[in-house]
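Working notes, structure below.
Numbering (the working numbering), first residue to last: 1 to 303.
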């Protein structure tokens, strides 16, 4: 064999080896993509070796699988084991999850101090869910010392990132004078910002502010637009408000349709309001209201 044939043979062997390696890579799918396709058994097979090697994200996903019984027998204890492994590697979603589990004693012995510590670890690293959780705990004093200053601090930290829920909560505190002087103008500003970000509770409450002229102008059409935005997300209080506005305008079919929607979503008194209004309407008008309510509900469910 001449020297150039020898090198050609070596080159071919090398290429075949590379092709084999590439083929094996191609045959190894992304476990997280597999998980999203709901092929949980295959996802489990792919995640286990990664988790055993210390991959925190894989450990977290195994925690989810055992927590919800996805492709495995459900076990909150085993779920906590995997979540804790990921949390120990500072994987923030797992840190927050373990905070919740220690808070309520799910799969682990309840430990409120450890729970708060974990929430704080995640919150100081900018994890918004942890910031909101701490804010709510300190506001309500649920299983911890009530501290409205700390509560406001963590809501503000989350709001500084543009989080719509945090902005709404700050508005709620200002509107009710919780931990601060009651300030409806400030509440209106926070709710307006949150409303523009699509947060349904804020859209409803800002709509109320507009309708009551607390924002400086009283425009019923603008209020109606905000109520509609919230109602389209299934907000039953906004549906009741739209029903009241339609009733005041003597549009009884529209009013009844909104009351029926609110009743379907569990709004107190909505059913009685619809019944009382129905007594003032013709059979045809009631049928129109029924049809409209189904359309409105389908829109809300699609959001």
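Where is the CB? At the ideal position from N, CA and C, for every residue including glycine.
Since the structure is predicted, the reported quantities are computational estimates derived from the model, not experimental observations.
Straight-line gap, residue 230 to residue 138 (C-alpha atoms, nearest Å): Roughly 28 Å between the two C-alpha positions.
Residue 265 and residue 234 closer than 9 Å at C-beta: Against a cut-off of 9 Å, the Cβ pair of residue 234 and residue 265 comes out as a contact.
Option nearest residue 310 by Cα separation, candidates 112, 29 and 221: For residue 310 there is no data in the structure shown, the boundaries of the chain being 1 and 303.
Where the alpha helix (DSSP H) through residue 266 begins and ends: Run containing residue 266: none; DSSP gives neither H nor E here.
Closest Cα partner of residue 172 within the set 291, 118, 202 and 290: Taking only the C-alpha atoms, the option nearest residue 172 is 202.
Cβ neighbours of residue 157 in the same chain (closer than 6 Å, five flanking residues each side left out): 131
At least three beta-carbon pairs within less than 8 Å, the segment 218-226 to the segment 251-258: By the Cβ rule, the segment 218-226 does not count as touching the segment 251-258, because fewer than three pairs are nearer than 8 Å.
CB contact flag (residue 46, residue 28, <9 Å): yes
Buried versus exposed call for residue 77 [16 or more other C-beta atoms within 10 Å across all chains shown]: Exposed, since its Cβ has fewer than 16 Cβ neighbours within 10 Å.
Helix, strand or coil at residue 222 [DSSP, three-state]: helix
Rounded distance between the beta-carbons of residue 246 and residue 258, thought under 8 Å: 6 Å
Terminal residues of the alpha helix (DSSP H) in which residue 153 lies: 148-159
Rounded C-alpha distance that separates residue 282 from residue 194: 41 Å
Cβ distance (whole Å) where residue 102 is taken to contact residue 95 below 8 Å: So it is not a contact: roughly 11 Å between Cβ atoms.
Rounded distance between the beta-carbons of residue 69 and residue 44, thought under 8 Å: With 8 Å as the limit, residue 44 and residue 69 do not qualify as a contact, their Cβ atoms being about 12 Å apart.
Residue 132, DSSP secondary structure in three states: helix
C-alpha gap between residue 89 and residue 274, whole angstroms: 55 Å
Residue 67, enclosing alpha helix (DSSP H) - first and last residue: If you look at residue 67, you'll find it in the alpha helix (DSSP H) that goes 56-68.
Where residue 163 falls, given that 16 or more other Cβ within 10 Å makes a residue buried: buried
4 or more residues per run - each alpha helix (DSSP H) lying fully within the segment 57-126: 76-88, 92-104 and 112-124
DSSP state of residue 179 mapped onto helix, strand, coil: In the structure shown, residue 179 sits in coil (DSSP, three-state: anything other than H, G, I, E or B).
Pair within 9 Å by beta-carbon distance, residue 166 and residue 123: no
Nonlocal neighbours in the same chain, by C-beta distance under 6 Å from residue 291, ignoring five residues either side: Take residue 291, set aside five residues on each side of it, and no residue of its chain has a beta-carbon closer than 6 Å to its own.
Spatial distance of residue 186 from residue 175 (CA atoms): About 8 Å.
Alpha-carbon to alpha-carbon, residue 268 and residue 168: 23 Å
Same chain only: Cβ atoms within 6 Å of residue 150, ignoring 5 sequence neighbours per side: 138
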